[in-house]
Amino acid sequence: MNTLAALVIIAVAVLLIIGIKLLSSPKTARIGNLVAAAGMLVGLAALHKPDGAYVWSQGWNLNYTLIAAGLLVGLVLGALGAYSVKMTAMPQMVALFNGLGGSAAALVGGLEFLRSSGAAADPGLFVLLAMLFATLIGSLSFSGSIIAYLKLQGKFEKPHTFCGQNILNGLMLALILGLCGWLALDPSGTGAPVLLMVLALLALCFGVAMVLPIGGADMPVVISLLNSFTGLAVAADGFVIDNLAMIVAGTLVGSSGTLLTLLMCKAMNRPVANVLFGAFGSGGSAAAAGLAGLDGKTVKPVQVDEAALLLSYAQQVVIVPGYGMAVAQAQHQVQELSEELGRRGVGVRFAIHPVAGRMPGHMNVLLAEANVPYDQLSEMEAINPAMERVDVCLVIGANDVVNPAAREEKSSPIYGMPIIDADRAKTVIVMKRSMAAGFAGIENHLFYKDNTRMLFGDAKASLTALIAQIKQG
Amino acid sequence: MDTNLLFIFILAIIIGFEVISKVPSMLHTPLMSGTNAIHGIILFGGILVLADAATPLVQGLGFVAVVFGSANVFGGFMVTDRMLQMFRKKKQP
Chain X
1 MNTLAALVII AVAVLLIIGI KLLSSPKTAR IGNLVAAAGM LVGLAALHKP
51 DGAYVWSQGW NLNYTLIAAG LLVGLVLGAL GAYSVKMTAM PQMVALFNGL
101 GGSAAALVGG LEFLRSSGAA ADPGLFVLLA MLFATLIGSL SFSGSIIAYL
151 KLQGKFEKPH TFCGQNILNG LMLALILGLC GWLALDPSGT GAPVLLMVLA
201 LLALCFGVAM VLPIGGADMP VVISLLNSFT GLAVAADGFV IDNLAMIVAG
251 TLVGSSGTLL TLLMCKAMNR PVANVLFGAF GSGGSAAAAG LAGLDGKTVK
301 PVQVDEAALL LSYAQQVVIV PGYGMAVAQA QHQVQELSEE LGRRGVGVRF
351 AIHPVAGRMP GHMNVLLAEA NVPYDQLSEM EAINPAMERV DVCLVIGAND
401 VVNPAAREEK SSPIYGMPII DADRAKTVIV MKRSMAAGFA GIENHLFYKD
451 NTRMLFGDAK ASLTALIAQI KQG
Chain C
1001 MDTNLLFIFI LAIIIGFEVI SKVPSMLHTP LMSGTNAIHG IILFGGILVL
1051 ADAATPLVQG LGFVAVVFGS ANVFGGFMVT DRMLQMFRKK KQP
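Chains X and C, in that order, are what the protein sequence lines are. Take 1 as the starting number for the first sequence in this note's numbering and just add one per residue. Take 1001 as the starting number for the second sequence in this note's numbering and just add one per residue.
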C-alpha cells in the first residue's frame, strides 16, 4: 500500500469519528450522518487488498461481476427498506440492517477461517481467534436481531422463559467456548469445516435464546447492544484481513454502541442487567404476586357523550399521546380536538414522554406533522408538577409511560422508570382499544384508579365521535 | 500479530466512548441507526473475500456477504437520514 492510500484510510477514519461526533447533537445530526456516509464511500473507492493491491484495478472477472451485482442488489434492497418503512416501524428496520451486517461479518470470518485452514501458512493464534470471534458474534447478532425484529413486529412480544433455560444456555455457552478452543488449537484438522458450521449454528441458537426472554419494550436496548456486538465482529474481521478502516469503524461502533446501551438503560432508570436478565429469577414471580392485588378491582368504562362533557367543561386538559395514536394515525384528529377545545376556552397542552412511541422523539414528529403548535408540547419534567391542577388528562394510546406502577410497585419490571403522572389529574380518560397489556407486557395500575375512565375503541374513531359531540354540545 | 493495529484498536475504543458521552435521549435511536450503518463497513470485508474467491462455495457465500453488507451500509445511512430529516421538522413551530 502506498503513502497516498494510507493517508486516505486515515481520512476515512477521521470522517467516521467526526460523523459520530456530529450525530450526537440535534443541530448537526443530519450532517454527521452524511459525513460518515461520505467517509464510507471514500473508503470503498480506495479499497486495497491486504497485500497492497488496489481492488478496483485487478482486471474484470466473474468475482468482480459478482461484487458489482452484490453491491447493486444490496443498494436496491437497502434503499427500498429505508424509504418504504413507516415511521412507526423504524426500530425494526434498524434491527434488520443490524442482522444483515452481523451475518455478513460471520460469513467473512467463517470464509477466511476455511481458507486459512486449507492453506499451508499458519495465520497465528491471534488471527485464528479473531476469525472465530467474528463468526461467533456475527451469527449471534444476526439471529438476535431477527428475534428483536419479530418482537417489534408484534410477534411473541412477551418474555419467553421455560424451565431449565439457564442450564441450556450455560450448556450452549460451554459448548461454544469448547469448540472455539478446539478450532483455535487445531484449525486444519479434517473435521474443522464441519465443526465451524456447528459453532455458527450454536451461536445462532444462542442469539435466539438470549433475546427471547426479553420483553418487547426493551428491544431498542437489545438492538443497541447487538449493534455494538456487530461492530466488534467487524473489527475482528478487520484484524483478520488486515484492513485498518474496518478495525477503526468496527471498534468505534463497538465502544460507542456499548456506551449508548448504558445511556439508554439510564434514561429508563434501570441497570442493564435488569433489562437483559430481568425475566429470569425471582423478579418475575414477585411482580406477578404484586399484580394479583389488582384482580379485585375493575375498570370504569365511559361513553363518548360523557367524555365529551368532561372535556368541554374542563379548564385545563392535558393530552398524553402514545404509540396507539401513531398506529391509529390519529394525530390529525388529536389536533382537531385540541383546536375545538381551545375555541371553547379550554387550556390544552400535550405531555410528551421521552420514550413515548417506540423511538425517542417519535411523538414530537407526528404532532408537528399535524400542525400542533410547538409551544403546546410540554416535556414530562415540565408537566408533572402541574398535574394536580389539571382537570382532565386524556391518554391516547399510551400505556407504560403513564403506569403508576413505575412509582409505586417495587417489584414491577418498570419500577423506577420516569413516568407522566397522569393519575394525579382530577379525572383521567384513557382511550384504548382493549384491556390488552402494554408493550412491556404488564398490567397498568392507572386503569384501576378511582379517577380513571376507560373509553374503549379505535383512537381515530373515538376522537372523531368526541369532536362531533363537543361541536354539538 | 501487529501491535500497531492493537494500539489503533485501543485508541478507537477510547474515542468511541468519548464522542458520544453527552448525547440527549431524543437522539438515541438515530445514533444507534447511524452507528449501525457504520458497521456496514463489513462490506469491504465481503468484497475482499469475494475478489479472491476460488471455489463456488466461497463465491456464493461471499456474494451473500456483499449483498448484506451493501444493504447494511446504504440502507443504514438512508434510514438514518430519513429519521433525522423529521427531527429537523420539529424545530419549526
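Backbone N, C-alpha and C fix where the C-beta goes; we use that ideal spot for every residue, glycine too.
Can you find the residues in the same chain that come closer than 8 Å, C-beta to C-beta, to residue i, ignoring five residues on each side of it along the sequence?
i: Asn98 (chain X); result: Ser141, Ser145, Ile223, Leu226, Asn227, Thr230
i: Leu179 (chain X); result: Leu195, Val198, Leu199, Leu202
If I measure Cβ to Cβ from residue i and keep anything under 7 Å in the same chain, skipping five residues before and after, which residues do I get?
i: Ser462 (chain X); result: Val304, Met431, Leu455
i: Val474 (chain X); result: In the structure displayed, chain X extends from 1 to 473; residue 474 (chain X) sits before or after that span and is not available.
i: Val8 (chain X); result: Val42, Ala46
i: Pro123 (chain X); result: Ser116
i: Val12 (chain X); result: Gly39, Val42, Gly43, Ala245
i: Ala120 (chain X); result: none
i: Asn371 (chain X); result: Gln335
i: Phe1063 (chain C); result: Leu1050
i: Met1078 (chain C); result: none
i: Asn384 (chain X); result: Ile420, Asp421
Roughly how many angstroms lie between the CA atoms of residue i and residue j, to the nearest whole one?
i: Pro413 (chain X); j: Asp450 (chain X); result: 24 Å
i: Leu128 (chain X); j: Val401 (chain X); result: 47 Å
i: Ala29 (chain X); j: Pro373 (chain X); result: 23 Å
i: Lys426 (chain X); j: Val327 (chain X); result: 28 Å
i: Ile247 (chain X); j: Asp51 (chain X); result: 17 Å
i: Glu369 (chain X); j: Gln333 (chain X); result: 12 Å
i: Thr65 (chain X); j: Leu1057 (chain C); result: 16 Å
i: Ala307 (chain X); j: Pro159 (chain X); result: 35 Å
i: Ser255 (chain X); j: Ala351 (chain X); result: 34 Å
i: Leu202 (chain X); j: Ile31 (chain X); result: 41 Å
i: Asn243 (chain X); j: Ala95 (chain X); result: 26 Å
i: His1028 (chain C); j: Gly257 (chain X); result: 10 Å
i: Lys471 (chain X); j: Cys393 (chain X); result: 20 Å
i: Met219 (chain X); j: Gly154 (chain X); result: 11 Å
i: Trp182 (chain X); j: Leu107 (chain X); result: 20 Å
i: Thr452 (chain X); j: Ile214 (chain X); result: 30 Å
i: Ala292 (chain X); j: Phe239 (chain X); result: In this prediction, Ala292 (chain X) has a pLDDT of 37, which is less than 50 and means its spatial position is unreliable; what the coordinates show is noted afterwards. Roughly 54 Å between the two C-alpha positions.
i: Ala233 (chain X); j: Ala105 (chain X); result: 6 Å
i: Met87 (chain X); j: Ile467 (chain X); result: 26 Å
i: Glu381 (chain X); j: Lys300 (chain X); result: 29 Å
What residue range is occupied by the uninterrupted alpha helix (DSSP H) comprising residue i?
i: Glu408 (chain X); result: 405-408
i: Val208 (chain X); result: 192-211
i: Pro321 (chain X); result: First-last for Pro321 (chain X): 316-321, but that is the beta strand (DSSP E), not the alpha helix (DSSP H).
i: Val94 (chain X); result: 90-118
i: Thr230 (chain X); result: 219-240
i: Ser312 (chain X); result: 304-312
i: Ser84 (chain X); result: 62-84
i: Val8 (chain X); result: 3-23
i: Leu466 (chain X); result: 459-472
i: Glu388 (chain X); result: That residue, Glu388 (chain X), is in no alpha helix (DSSP H); it is neither H nor E in DSSP.
i: Glu369 (chain X); result: 362-369
i: Lys266 (chain X); result: 244-267
Residue i touches chain C at which residues, Cβ-Cβ below 7 Å?
i: Ala45 (chain X); result: Per Cβ cutoff of 7 Å: no residues; Ala45 (chain X) is ~11 Å from chain C at best.
i: Arg407 (chain X); result: Under the 7 Å cutoff, chain C gives no residues; its nearest Cβ is about 19 Å from Arg407 (chain X).
i: Phe162 (chain X); result: Those do not exist, as Phe162 (chain X) stays about 30 Å from chain C at its closest Cβ, beyond 7 Å.
i: Phe239 (chain X); result: Leu1005
Counting only Cβ pairs nearer than 7 Å, list the residues of chain X close to residue i.
i: Pro1024 (chain C); result: Pro26
i: Thr1080 (chain C); result: Asn33
Which residues mark the beginning and the end of the beta strand (DSSP E) in which residue i is found?
i: Ala351 (chain X); result: 347-352
i: Ile429 (chain X); result: 427-432
i: Met454 (chain X); result: 452-456
i: Val272 (chain X); result: Careful: Val272 (chain X) lies outside any beta strand (DSSP E), inside the alpha helix (DSSP H) at 272-277.
i: Glu379 (chain X); result: 377-379
Against residue i, what residues of chain C qualify as contacts under a CB-to-CB distance less than 9 Å, listed in chain order?
i: Pro220 (chain X); result: His1028, Thr1029, Met1032
i: Ile67 (chain X); result: Gly1046, Ile1047, Leu1050, Ala1051, Gly1062, Phe1063, Val1066
i: Arg424 (chain X); result: Per Cβ cutoff of 9 Å: no residues; Arg424 (chain X) is ~23 Å from chain C at best.
Along chain X, which residues have their Cβ under 9 Å away from the Cβ of residue i?
i: Phe1017 (chain C); result: Ser255, Ser256, Thr258, Leu259
Using a cut-off of 8 Å between C-beta atoms, extract the partners of residue i located in chain C.
i: Ile17 (chain X); result: Ile1015, Val1019
i: Ser224 (chain X); result: His1028, Met1032
i: Ile528 (chain X); result: Coverage of chain X is limited to positions 1 through 473, which leaves residue 528 (chain X) absent and any answer about it impossible.
i: Glu112 (chain X); result: Val1049
i: Gln58 (chain X); result: Ala1051
i: Asn227 (chain X); result: Met1032, Thr1035, Asn1036, His1039
i: Ile20 (chain X); result: Gly1016, Val1019, Ile1020, Leu1031, Gly1034, Thr1035, Ile1038
For residue i, I'd like the list of residues in its chain whose CB is within less than 6 Å of its CB, leaving aside the five on either flank, ordered along the chain.
i: Ser282 (chain X); result: Note on Ser282 (chain X): pLDDT 34, under 50, position unreliable in the model; no value is reported.
i: Ala206 (chain X); result: Here the sequence assigns Phe to residue 206 (chain X), which means Ala is not the residue at that position. Hits under 6 Å: Leu140, Met172.
i: Gly324 (chain X); result: Gly397, Ala459
i: Ser338 (chain X); result: Val348
*Return the chain-ordered ranges of every beta strand (DSSP E) run that is complete within the region 140-194 of chain X and spans a minimum of 3 residues.*
Taken in chain order, the complete beta strand (DSSP E) segments of 3 or more residues contained in the region 140-194 of chain X number zero; there are none.
*Where are the alpha helix (DSSP H) runs, 4 residues long or more, that stay fully inside the region 31-58 of chain X, in chain order?*
none
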